[in-house]
Amino acid sequence: MSILVVGTVAFDSIETPFGSAERVLGGSASYFAVAASFFSPV
């Protein structure tokens, strides 16, 4: 079965009360690919 991912890939900066991170991988396409990898080769 093939999976086609359509979405965004971006670098995000995240700041929480517990710490911060600069230029981490984000976006809907990268999140979907990680989630889909539990069910099918991506």
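If you read the sequence shown in our numbering, its first letter stands for residue 590, the second for the next number, and so on. Note that beta-carbon positions come from the ideal geometry of N, C-alpha and C, so glycine has one too.
Q. What number of angstroms, rounded off, separates the C-alpha of Val-595 from the C-alpha of Ala-618?
A. The count along the sequence shown starts at 1 and reaches residue 595 at position 6. The count along the sequence shown starts at 1 and reaches residue 618 at position 29. Each residue's alpha carbon lies about 6 Å from the other.
Q) Between which two residues does the beta strand (DSSP E) carrying Phe-600 extend? A) Taking the sequence shown and counting its residues from 1, the one referred to as residue 600 is at position 11. Unbroken beta strand (DSSP E) run through Phe-600: 599-605.
(Q) By the DSSP assignment, the beta strand (DSSP E) with Val-613 in it spans what residues? (A) Taking the sequence shown and counting its residues from 1, the one referred to as residue 613 is at position 24. Segment 608-615, the beta strand (DSSP E) holding Val-613.
Q. How many angstroms separate the CA atom of Ala-622 from the CA atom of Ser-591?
A. In the sequence shown, the residue the question calls residue 622 occupies position 33. In the sequence shown, the residue the question calls residue 591 occupies position 2. The straight-line gap from Cα to Cα measures roughly 12 Å.
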